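Before any comments, here is the structure.
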Amino acid sequence: MSENPTGDALPEYAERVLDVAELIPPGRVMTYGDIAEWLGDGGPRQVGRAMALYGGAVPWWRVVRADGALLPGHELRALNHYREEGTPLREAPSNADGHVPRLDMRRARWDGAAGAVAGGGAGGPGEDGGGGAHT
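Heads up: the sequence shown begins at 26 in our numbering, then just goes up one per residue.
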(Lines of atoms letter the chains of each structure in order from A; the text may use other names.)
(Lines give C-alpha, C1' and ligand atoms only; values in the text may rest on other atoms or scores of the structure.)
Protein backbone atom coordinates (compact mmCIF):
# COMPACT_ATOMS: atom_id res chain seq x y z
CA MET A 26 0.00 0.00 0.00
CA SER A 27 1.26 3.49 -0.76
CA GLU A 28 2.04 5.82 2.08
CA ASN A 29 1.90 9.56 2.53
CA PRO A 30 4.81 11.61 3.90
CA THR A 31 3.68 11.09 7.51
CA GLY A 32 3.90 7.32 7.09
CA ASP A 33 0.15 6.80 7.47
CA ALA A 34 -1.70 4.61 5.01
CA LEU A 35 -3.31 6.54 2.16
CA PRO A 36 -7.07 6.86 1.98
CA GLU A 37 -8.39 4.27 -0.49
CA TYR A 38 -9.69 6.89 -2.95
CA ALA A 39 -6.34 8.71 -3.01
CA GLU A 40 -4.52 5.46 -3.64
CA ARG A 41 -6.80 4.70 -6.59
CA VAL A 42 -6.20 8.21 -8.01
CA LEU A 43 -2.43 7.79 -7.70
CA ASP A 44 -2.59 4.35 -9.33
CA VAL A 45 -4.23 5.90 -12.41
CA ALA A 46 -1.74 8.79 -12.45
CA GLU A 47 1.10 6.28 -12.58
CA LEU A 48 -0.43 4.62 -15.67
CA ILE A 49 -0.41 7.79 -17.79
CA PRO A 50 2.38 7.38 -20.34
CA PRO A 51 5.14 9.98 -20.72
CA GLY A 52 4.07 12.73 -23.11
CA ARG A 53 0.37 12.25 -22.36
CA VAL A 54 -2.05 13.71 -19.78
CA MET A 55 -5.43 13.05 -18.19
CA THR A 56 -7.68 15.67 -16.66
CA TYR A 57 -8.93 15.55 -13.09
CA GLY A 58 -12.35 14.77 -14.52
CA ASP A 59 -10.96 12.00 -16.75
CA ILE A 60 -9.53 10.25 -13.71
CA ALA A 61 -12.80 10.57 -11.78
CA GLU A 62 -14.65 9.16 -14.79
CA TRP A 63 -12.11 6.34 -15.11
CA LEU A 64 -12.61 5.45 -11.45
CA GLY A 65 -16.39 5.81 -11.67
CA ASP A 66 -16.21 7.65 -8.36
CA GLY A 67 -15.86 11.25 -7.18
CA GLY A 68 -15.32 14.22 -9.43
CA PRO A 69 -12.59 16.59 -10.57
CA ARG A 70 -12.38 18.34 -7.20
CA GLN A 71 -11.92 15.07 -5.30
CA VAL A 72 -9.18 13.99 -7.71
CA GLY A 73 -7.52 17.41 -7.38
CA ARG A 74 -7.62 17.18 -3.60
CA ALA A 75 -6.04 13.71 -3.64
CA MET A 76 -3.32 14.93 -6.01
CA ALA A 77 -2.66 18.05 -3.92
CA LEU A 78 -2.28 16.07 -0.71
CA TYR A 79 -0.59 12.89 -1.92
CA GLY A 80 0.52 13.29 -5.55
CA GLY A 81 4.14 14.34 -5.02
CA ALA A 82 5.48 10.79 -5.48
CA VAL A 83 3.74 10.17 -8.83
CA PRO A 84 4.01 12.01 -12.17
CA TRP A 85 1.72 14.81 -10.97
CA TRP A 86 2.35 16.93 -14.08
CA ARG A 87 0.40 14.38 -16.14
CA VAL A 88 -2.84 15.14 -14.23
CA VAL A 89 -4.10 18.47 -15.50
CA ARG A 90 -6.89 20.98 -15.84
CA ALA A 91 -9.28 20.44 -18.75
CA ASP A 92 -8.36 23.81 -20.29
CA GLY A 93 -4.69 22.84 -20.64
CA ALA A 94 -3.44 25.60 -18.34
CA LEU A 95 -0.37 24.63 -16.34
CA LEU A 96 -0.73 24.12 -12.60
CA PRO A 97 -0.43 27.55 -10.93
CA GLY A 98 2.73 27.83 -8.89
CA HIS A 99 4.29 24.81 -10.61
CA GLU A 100 4.35 26.03 -14.21
CA LEU A 101 8.11 25.94 -14.72
CA ARG A 102 8.62 22.53 -13.10
CA ALA A 103 5.74 21.09 -15.12
CA LEU A 104 6.96 22.73 -18.32
CA ASN A 105 10.39 21.12 -17.87
CA HIS A 106 8.72 17.70 -17.54
CA TYR A 107 6.50 18.31 -20.58
CA ARG A 108 9.46 19.33 -22.72
CA GLU A 109 11.50 16.32 -21.52
CA GLU A 110 8.66 13.94 -22.36
CA GLY A 111 7.64 15.59 -25.63
CA THR A 112 4.16 16.44 -24.41
CA PRO A 113 2.31 18.48 -27.07
CA LEU A 114 2.13 22.16 -26.12
CA ARG A 115 0.48 25.24 -27.61
CA GLU A 116 2.60 28.35 -27.42
CA ALA A 117 1.06 31.19 -25.50
CA PRO A 118 -0.04 34.27 -27.41
CA SER A 119 2.34 37.20 -26.97
CA ASN A 120 -0.27 39.08 -24.94
CA ALA A 121 -0.73 36.18 -22.48
CA ASP A 122 0.34 36.80 -18.91
CA GLY A 123 3.85 35.40 -18.49
CA HIS A 124 3.86 33.85 -21.98
CA VAL A 125 3.47 30.36 -20.46
CA PRO A 126 2.33 27.78 -23.00
CA ARG A 127 -0.69 25.53 -22.47
CA LEU A 128 -1.02 21.85 -23.12
CA ASP A 129 -2.40 20.90 -26.52
CA MET A 130 -5.24 18.86 -25.01
CA ARG A 131 -6.43 17.54 -28.36
CA ARG A 132 -3.08 15.81 -28.92
CA ALA A 133 -1.84 15.24 -25.35
CA ARG A 134 -4.96 13.78 -23.76
CA TRP A 135 -4.79 10.05 -22.97
CA ASP A 136 -7.96 8.01 -22.80
CA GLY A 137 -6.43 5.13 -20.84
CA ALA A 138 -7.00 2.64 -23.63
CA ALA A 139 -3.53 1.08 -23.53
CA GLY A 140 -3.23 0.25 -19.84
CA ALA A 141 -6.40 -0.66 -17.97
CA VAL A 142 -6.13 -0.55 -14.21
CA ALA A 143 -7.87 -3.21 -12.16
CA GLY A 144 -11.24 -1.90 -11.15
CA GLY A 145 -11.06 0.96 -13.64
CA GLY A 146 -14.11 2.25 -15.43
CA ALA A 147 -15.49 0.56 -18.51
CA GLY A 148 -12.63 1.36 -20.87
CA GLY A 149 -11.79 4.62 -19.15
CA PRO A 150 -12.74 8.12 -20.21
CA GLY A 151 -13.34 8.77 -23.84
CA GLU A 152 -13.91 5.10 -24.67
CA ASP A 153 -16.20 6.23 -27.47
CA GLY A 154 -13.28 8.19 -28.92
CA GLY A 155 -14.94 11.49 -28.02
CA GLY A 156 -12.65 12.49 -25.15
CA GLY A 157 -15.18 15.03 -23.90
CA ALA A 158 -13.99 18.00 -21.89
CA HIS A 159 -14.15 17.87 -18.13
CA THR A 160 -13.72 20.61 -15.58
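Just so you know, even glycine gets a beta-carbon here, dropped at the ideal spot from N, CA and C.
This one's a predicted model, so the numbers in the text were calculated from it and none came from an experiment.
Tell me the DSSP bridge mates of residue i?
i, result
"Leu96", "Per DSSP, none; premise fails for Leu96."
"Met55", "Val88"
"Leu177", "For the chain, the structure presents residues 26 to 160; residue 177 sits outside this window and is missing."
"Arg70", "Answer is none; Arg70 lacks a bridge partner."
"Arg134", "Val54"
Would residue i and residue j qualify as a contact pair, given that the criterion is a beta-carbon distance under 9 Å?
i, j, result
"Pro84", "Ile49", "yes"
"Gln71", "Tyr107", "no"
"Met161", "Val54", "Since the first residue of the chain shown is 26 and the last is 160, residue 161 is not available in this structure."
"Pro113", "Ala75", "no"
"Trp86", "Ala103", "yes"
"Gly58", "Ala34", "no"
"Leu95", "Leu128", "yes"
Nearest by alpha-carbon distance to residue i: which of the options is it?
i, options, result
"Gly52", "Gly137, Gly111 and Ala117", "Gly111"
"Ala82", "Asp44, His124 and Trp135", "Asp44"
"Leu174", "Glu109, Glu40 and Gly137", "Within the shown structure, residues of the chain are numbered from 26 to 160, placing residue 174 beyond reach of any answer."
"His124", "Asp66, Leu101 and Glu109", "Leu101"
Assuming residue i and residue j make a contact with CB atoms under 8 Å, what is their CB distance in whole Å?
i, j, result
"Ala117", "Pro126", "5 Å"
"Ala46", "Val89", "Actually they are not in contact, since the Cβ atoms of Ala46 and Val89 sit about 11 Å apart, beyond 8 Å."
"Gly93", "Arg115", "7 Å"
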